[in-house]
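Residue numbering for the sequence shown follows numbering that gives the first Met the number 0, starting at 0 and increasing by one per position. A short worksheet on the structure shown next.
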Amino acid sequence: MLELLLLVLLFALLIWHRRLSQRLRTLETQVAALTTAVASGSIAGPSIDETADGSATLATTDAASADMVEPSADIEAARERVPDEVDEAPAPAPAPAPPRQSFESRFGARWPVWVGGLALALGGIFLVRYSIDSGLLGPAARLGLAAVFGLLLAATGEFMRRGGGLPRLPSAYSHAMIPGVLTAAASATLLATIYTAYAVYGFLGSAPTFAMLAIVSLTTLLLSLLHGQALAGLGLAASLVTPALVASTSPNISFLFGFLSLAWLAADAAARIRRWRLLPVLANLGLALWVLVYAVNAEILDPVPAGWALLVMVAGTAFLWPGRLFEVAAEEPEADGGIWRRTRRLIGRRPRSIMLSVSLSVFLPLLMLMAVDAPSATHPVLILVAVAGALAGLGAGRRAGLLPATFAALSGLCGVSLIAIKDLSTSIADPSAEAVTGWLAAIGPETLGGLALGAIFTLCGVGVARRRSASDPDFAAFWAILAAAMPVTLATITHLNYGTLGGDWLHGIYGLAIGLALLLTAERISKPSPSAATANTPRDLLLLGAFAAFVFALHTVTHGLTTTIGTALIGFAFVGATTVRPWRGLPWAMVAAAIVVGLRIAWEPTIVGPDLLGKTPVFNALIAGYGIPALLLTVSAWWLRAWPGRRVLNALQGLAALGCLMTVAILVRHAMNGGLLDERVPTLAEQSIYTLLLIGLSGILMTLDLKSPSRAFRYGSMLAGVIATLNVLSLHLIGLNPYATGEDIGTWPLINLLLPGYLMPALAYAGLALYTRGKRPMPYVVMLALAGAVLGFAWATLSVRWFWQGSEISAWKGFLPGETYTYSVVWLAIGVGLLALGSRLDARSLRLVSAGLVLVSVLKVFLVDMSNLEGILRAISFMGLGVVLIGIGLFYQRILARSVASAEPPAPGDAS
């Protein structure tokens, strides 16, 4: 009974609150009317008179009335004296800011209403439970009482909304209005009653229960137009939960997703009428959750109904809400930042939350539908093409379409890849399946779906480029990337999994068509751009996309040397087109061609395969596969020598130099290894050629940098010098040193293995150090000079050993007494020579190197020669060392005396 008393008390409080609100509103109306009348002067102010007995009376007199009129006359006179020059009325005072809401107002106006509505809903549920526990009423009467209670709550809410005497509150309290809370409680009570009648007592069947739940849910959504977004959220939640509450032995998936689509449309329509942004997000995520649950639990997958529901969601977002409402936006500032700032600006376009939710709500369900390994009557790729293509259309048709376009691309790539992986695993599990060959071998639902989806992206990108390349270049540039990247990537996946390598004409024709479409679009949208930062960026990206499509088509129908040379020729054709169309993006196609050729060389250095590579030096497939692209790069750099864009010219020059050096290097390796290109360790002679090529590349890049300053040339030249130095330290001196490897040097004096292995690199380092002096950082110059000095020292030392030991100078032979003495003589001679050269060139670094070498010689004489030499050789070694050291000391004394004499002032007698 206590629950019934509380319920009656709650209704009494509501009636009392209504009457009190009516009285308060009446008083507010009367006070406002009196205030207006007094302000306008229509009511005279009262006067107070004293009577004979001292009591006070209120009276109005004519004099008082006259006194009240006089100020009006003065005001009129003052108005007449106002100058006529004042024509404009003063600006109206700004509207006062709304008072700041306190914690008390927020707590007192919202929480009691929310908790009260929850209490009403629980009261209805507890009423039914109480009747069950007490056995007072039968099941039908209990449910009827609960239904009457829910309808009574709904009627009370509607009555209070229409004229129930509620106070007017600011919009901040719109979610705490009492009518809306009562309606929400009524909806919850009715839903619980219907479900209890179905699940507990079995009064209703599945179809009537579903229909009644749907009616209550949709009616709640309809009433939310009057009561706010919170009630709409309740109706949406009820609509999404309704199918899960009703069990069926033979569920109808089409009917399920049809109802969910209807509920989504109702929520989206309500959101459009009231301009809500949270409700569509919840509706999108709820529909996506249903698709995920269905895909995971379905024993036999039917993706068509789920796909139709996703299509309804995408179409409703495109045309119902938000539709085209946000297409006319405030003018955006000019994009003056880098690519990341431009991208953030595109992502931040309104309505970002709705676009993100619909994108995720398509991406995740599609991924699950493609990944589920369940039998399906309809191939999932059809749903992938339809839904991902629709999302791509949404991304192309709306200003805030970057997120939908991105997730559409991810959906396409991941979906096609998952299907290809599933098919590959199936073919591995069943190797007995015969492979289909021929021109039409690649035709199948997977291939056609991937190619169709790529074509959809191309059509969308072409449309965006034609409509927005001038008004919205950043968005057009983004779609230009997708228009080229998506068809080529999807076609590559299908070609590798379902096509015929080297003879797939279906993919070849497809790539050719995509390239031609992109080229024609670039020609169509080419026009002068007022912004230098984004000047025809969409056009240039379309040109590079066309190049990628043509190269893909070439790879599908050719292989080996033809593909490598053809790629370079396509890039050169774009360079040649600059004579007709001086477009900025055309020369970059040759740079891209060089990158593709480099990747092919990294994948297969022999170009044609080891079995087909001839063993004839120079005249083989290598000179064509390496030399022709390098030649085309060189010709392109010369052709564009007057091109205004210095970056692309610098790139072509650098790539041409690198290509020529790679051609020479690969021909050398082929010739010195008997026509084989394998993983064997190079010899010292071969490695010496590579070192010389790196030194030459460093000098060439430095020359290009001096003519046309570029960071790429500057740092590239120094990087080549550093790599060459690392080769010297790791290979020339340690790994490939004949003293350690025992490699035969040769019998000819001077002209032997030590000449290319040490002396020539030493001279090259010396020349490069002299060339970079004053043009590069001093530590880099010192590094080059030290590398040259170390190589020269190694050449002299190893030459001494060759003189005494012959062509075999391995370590196991030991040292001869004459050999040990000769090392001291040669090292001292080199030290003296460096000292003389450093003095002549005034190079302090050379003199310091000379001092270090002499110090090493001194240590060798005292530590090695003293113990290993005997007789006359020991005496001559020490005598020679002494003479050299005294000579060096005399040399430095003369230099010191000369500097002191020049620093002293002249004597007084010498002045004359």
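Cβ atoms here follow ideal geometry from the backbone N, Cα and C, with glycine treated the same way.
(1) In the structure shown, what three-state DSSP assignment does S375 receive?
(2) Using CA coordinates, which residue listed in L489, W275, W587, G400 is at the minimum distance from F551?
(3) At 4 residues or longer, and completely inside the region 547-629: list those alpha helix (DSSP H) runs for me, N to C.
(4) Given this structure, state the Cα-to-Cα distance separating S692 from E807, to the nearest angstrom.
(5) Please work out which residues of its chain come closer than 7 Å, Cβ to Cβ, to A146, disregarding the five sequence neighbours upstream and downstream, and give them in chain order.
(6) Along the chain, where does the alpha helix (DSSP H) containing P320 start, and where does it finish?
(7) Which stretch, first to last residue, makes up the alpha helix (DSSP H) that contains D473?
(8) Going by C-alpha to C-alpha distance, which of G337, D422, G322 sits closest to L393?
(9) Put L458 into one of helix, strand or coil per three-state DSSP.
(10) Under three-state DSSP, which class holds L300?
(11) Starting from V663, trace the alpha helix (DSSP H) in both directions and tell me its first and last residue.
(12) Below 8 Å, how does it come out for the region 733-745 and the region 762-775: are there three or more Cβ pairs, yes or no?
(13) Taking buried to mean at least 16 other C-beta atoms within 10 Å of its own C-beta, is I733 buried or exposed?
(14) Which same chain residues end up closer than 7 Å to G698 when comparing Cβ atoms and leaving out the 5 residues on each side of it in sequence?
(15) Taking the straight line between their C-alpha atoms, what separation do you get for N296 and L452?
(16) So for Y916, helix, strand or coil by DSSP?
(17) Thinking C-beta only, is V596 closer than 7 Å to P628?
(18) Taking just the CA atoms, how far does M661 sit from R668?
(19) My assumption, with CB atoms under 8 Å, is that V487 sits in contact with A548. Please give the rounded CB distance.
(20) For a test of the three-state rule: what should DSSP assign to N283, helix, strand or coil?
(21) For R465, does the three-state DSSP call read helix, strand or coil?
(22) Who are the near neighbours of W801 in its chain, counting only those whose CB is closer than 8 Å to its CB and skipping five residues on each side?
(23) Looking at the secondary structure, which residues open and close the alpha helix (DSSP H) in which P350 lies?
(24) At which residues does the alpha helix (DSSP H) containing F706 begin and terminate?
(25) Where does L278 land, buried or exposed, given buried means 16+ other C-beta within 10 angstroms?
(26) Can you grab the Cα-Cα spacing for the pair T555 / T446, in whole Å?
(27) Measuring alpha carbon to alpha carbon, tell me which of F209, A187, S186 ends up nearest Y197.
(28) Please classify N649: is it buried, with 16 or more other beta-carbons within 10 angstroms of its beta-carbon, or exposed?
(29) Could you tell me whether the Cβ atoms of V574 and S525 are closer together than 7 Å?
(30) Rounded to a whole number of angstroms, what is the C-alpha to C-alpha distance between G411 and A512?
(31) I need the boundaries of the alpha helix (DSSP H) containing D267, first residue and last residue.
(32) Using 8 Å as the Cβ pair cut-off and three pairs as the minimum, do the region 616-627 and the region 678-693 touch?
(33) According to the neighbour-count rule (16 or more other Cβ atoms, all chains shown, within 10 Å of its Cβ), is V590 buried or exposed?
(34) Suppose the cutoff is 8 Å on Cβ atoms and the five residues either side in sequence are ignored; what does the same chain contact list for N496 look like?
(35) Please confirm whether any heavy atom of the ligand MG lies closer than 6 Å to the CB of L505.
(36) How many Å lie between V663 and I600 at the Cα?
According to the data block:
(1) Working through the sequence shown from its first residue, we reach residue 375 at position 376. DSSP places S375 in strand when its eight states are reduced to three.
(2) By 1-based counting over the sequence shown, the position of residue 551 is 552. Answer by Cα proximity: L489.
(3) Here the runs fully enclosed are 560-575, 585-602.
(4) Your numbering for residue 692 matches position 693 in the sequence shown. Your numbering for residue 807 matches position 808 in the sequence shown. Note that residue 692 corresponds to Leu in the displayed sequence, not to Ser. So the two alpha carbons sit approximately 28 Å from each other.
(5) The sequence position of residue 146 within the sequence shown is 147, counting from 1. Here the set comprises L189, T192.
(6) On the sequence shown, residue 320 is found 321 positions in, with the first residue counted as 1. Before going on, a small fix: residue 320 reads as Trp here, not Pro. No alpha helix (DSSP H) contains W320, which DSSP labels as neither H nor E.
(7) In the sequence shown, residue 473 corresponds to position 474, counting from 1. From DSSP, the alpha helix (DSSP H) with D473 extends over 472-497.
(8) Residue 393 sits at position 394 when you count from the first residue of the sequence shown. The shortest C-alpha separation from L393 is found at G322.
(9) Looking up residue 458 in the sequence shown gives position 459. Here L458 sits in helix by DSSP.
(10) The residue you call residue 300 lines up with position 301 of the sequence shown. Strand.
(11) The residue labelled residue 663 in the question sits at position 664 within the sequence shown. It spans 645-671 - the alpha helix (DSSP H) in which V663 sits, taken as one unbroken run.
(12) Touching, no, given that fewer than three Cβ pairs across the two stretches are closer than 8 Å.
(13) Along the sequence shown, one-based indexing puts residue 733 at 734. I733 is exposed by the Cβ-count criterion.
(14) Residue numbering aside, residue 698 sits at position 699 when the sequence shown is read from its first letter. Same-chain partners within the cutoff: L767, Y770.
(15) Locating residue 296 in the sequence shown gives position 297, counting from the first residue. Locating residue 452 in the sequence shown gives position 453, counting from the first residue. So the alpha carbons of these two residues sit roughly 28 Å apart.
(16) Absent from the structure is residue 916, since the part of the chain shown begins at 0 and ends at 911.
(17) Position 629 of the sequence shown holds residue 628. Position 597 of the sequence shown holds residue 596. The answer is yes: Cβ separation under 7 Å.
(18) For this step, residue 668 is matched to residue 669 along the sequence shown. For this step, residue 661 is matched to residue 662 along the sequence shown. Rounded to the nearest whole angstrom, the C-alpha separation of R668 and M661 is 11 Å.
(19) For the purposes of this step, residue 487 is identified with residue 488 of the sequence shown, where counting begins at 1. For the purposes of this step, residue 548 is identified with residue 549 of the sequence shown, where counting begins at 1. Their Cβ separation, rounded to whole angstroms, is 6 Å, which keeps V487 and A548 in contact under 8 Å.
(20) Sequence index remark: in the sequence shown, residue 283 carries index 284 (1-based). Three-state DSSP puts N283 in a helix.
(21) Taking the sequence shown and counting its residues from 1, one reaches residue 465 at position 466. Assignment of R465 by DSSP, reduced to helix, strand and coil, places it in the helix class.
(22) Mapped onto the sequence shown, residue 801 falls at position 802. Correct list, in chain order: I744, N751, L753, I808.
(23) Looking up residue 350 in the sequence shown gives position 351. Careful: P350 lies outside any alpha helix (DSSP H) and carries neither H nor E.
(24) Taking the first residue of the sequence shown as 1, we reach residue 706 at position 707. Looking at the sequence itself, residue 706 is Lys, so the reference to Phe does not match. Start and end: 683-706.
(25) Reading the sequence shown from its first residue, position 279 is the one you call residue 278. Buried.
(26) Along the sequence shown, read from residue 1 onward, the residue named residue 555 stands at position 556. Along the sequence shown, read from residue 1 onward, the residue named residue 446 stands at position 447. For T555 and T446, the distance between alpha carbons rounds to 14 Å.
(27) Translated into the one-based positions of the sequence shown, residue 197 becomes position 198. The option with the nearest alpha carbon to Y197 is F209.
(28) Position 650 of the sequence shown, counting from 1, holds the residue named residue 649. Within a 10 Å sphere around the beta-carbon of N649 sit 16 or more other beta-carbons, which makes this residue buried.
(29) Position 575 of the sequence shown, counted from the start, is the residue given in the question as residue 574. Position 526 of the sequence shown, counted from the start, is the residue given in the question as residue 525. Result no, Cβ atoms of V574 and S525 do not sit closer than 7 Å.
(30) To locate residue 411, count along the sequence shown from 1; it is residue 412. To locate residue 512, count along the sequence shown from 1; it is residue 513. In this structure, the CA atom of G411 is about 20 Å from the CA atom of A512.
(31) Here residue 267 is taken as the residue at index 268 of the sequence shown, counted from 1. Segment 252-273, the alpha helix (DSSP H) holding D267.
(32) By the Cβ criterion, the region 616-627 is not in contact with the region 678-693, since fewer than three pairs of Cβ atoms, one from each stretch, lie closer than 8 Å.
(33) One-based indexing of the sequence shown puts residue 590 at position 591. Per the 10 Å Cβ criterion, buried.
(34) Residue numbering aside, residue 496 sits at position 497 when the sequence shown is read from its first letter. Once the five neighbours on either side are set aside, the close Cβ partners of N496 are A419, D422, L423, E445.
(35) The ligand MG is absent from the structure shown, which contains no ligand whatsoever.
(36) On the sequence shown, position 664 is the one that residue 663 refers to. On the sequence shown, position 601 is the one that residue 600 refers to. Rounded to whole angstroms, V663 to I600 spans 14 Å at the Cα level.
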